[in-house]
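Numbering of the sequence shown is given in our numbering, commencing with residue 97 and proceeding in unit increments. For each residue, glycine too, the CB sits at the ideal point set by N, CA and C. These notes concern the structure reproduced below.
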Amino acid sequence: MLEEHLLDQDFKDAILQDAQDAIQFHVEHEENYEHVGNSRIAGYPDLPPTIEWPCNSDGEYYTFIAQINVSELPFSPYEGFPNQVYIRCWSSMRHRRRSYLNFKSPSSFS
Numbered sequence: 097m098l099e100e101h102l103l104d105q106d107f108k109d110a111i112l113q114d115a116q117d118a119i120q121f122h123v124e125h126e127e128n129y130e131h132v133g134n135s136r137i138a139g140y141p142d143l144p145p146t147i148e149w150p151c152n153s154d155g156e157y158y159t160f161i162a163q164i165n166v167s168e169l170p171f172s173p174y175e176g177f178p179n180q181v182y183i184r185c186w187s188s189m190r191h192r193r194r195s196y197l198n199f200k201s202p203s204s205f206s
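Right, here's the structure in full:
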């Protein structure tokens with residue numbers, strides 16, 4: 097992609113130096129919730145009974161963004177990152193700087 101835009105070498109080097117691996121998600125079908133623990137964007141997370149829907153200090157619930165089953169990813173986001181874990185992402189739509197991440201192992205669903 098850098099080659100096709102005819103960028104000079106210094107600019108390309110600067111971009112490549114700061115480049116990071118990324119994973120892009122595409123919603124391919126409507127979620128039916130038949131499978132517990134699969135990756136999903138929006139909707140509802142699979143929360144075990146031990147985890148309550150997170151809220152901020154004012155008692156306002158965070159908005160669910162995504163649930164990622166790391167074992168379904170094409171590569172590990174970080175070297176040594178466990179692949180038997182779920183990442184759940186939440187955000188405050190009112191307070192944009194507030195967010196909440198929850199990491200749990202798959203065994204927590206039982």
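Rounded straight-line distance, which links the Cα of residue j to that of residue i
| i | j | result |
| --- | --- | --- |
| Pro202 | Ile164 | With a pLDDT of only 48 at Pro202, under the threshold of 50, the placement of this residue in the model should not be trusted, and no figure is reported. |
| Pro150 | Val132 | 19 Å |
| Asp106 | Glu124 | 39 Å |
| Ile147 | Tyr129 | 18 Å |
| Asp160 | Val181 | Reading off the sequence, residue 160 comes out as Phe, not Asp. Distance between the alpha carbons of Phe160 and Val181: 18 Å. |
| Asp38 | Glu127 | This structure gives no information on residue 38, because the portion of the chain shown stretches from 97 to 206. |
| Asp104 | Tyr174 | 31 Å |
| Cys185 | Pro144 | 15 Å |
| Glu156 | Val166 | 28 Å |
| Gln113 | Asp154 | 41 Å |
| Gly176 | Gln116 | 17 Å |
| Lys108 | Leu169 | 28 Å |
| Ala110 | Asn179 | 31 Å |
Contact under 9 Å by Cβ, residue i with residue j
| i | j | result |
| --- | --- | --- |
| Tyr140 | Ser187 | no |
| Ile119 | Phe171 | yes |
Beta bridge counterpart(s) of residue i as assigned by DSSP
| i | result |
| --- | --- |
| Asn165 | Tyr182 |
| Ile137 | Ala162 |
Endpoints, the alpha helix (DSSP H) within which residue i is located
| i | result |
| --- | --- |
| Leu143 | Careful: Leu143 lies outside any alpha helix (DSSP H) and carries neither H nor E. |
| Phe107 | 105-114 |
Residue of the options minimising C-alpha distance to residue i
| i | options | result |
| --- | --- | --- |
| Ile183 | Ser135, Ala110, Gln113 | Ser135 |
| His122 | Ser153, Gln116, Asp114, Ala162 | Ala162 |
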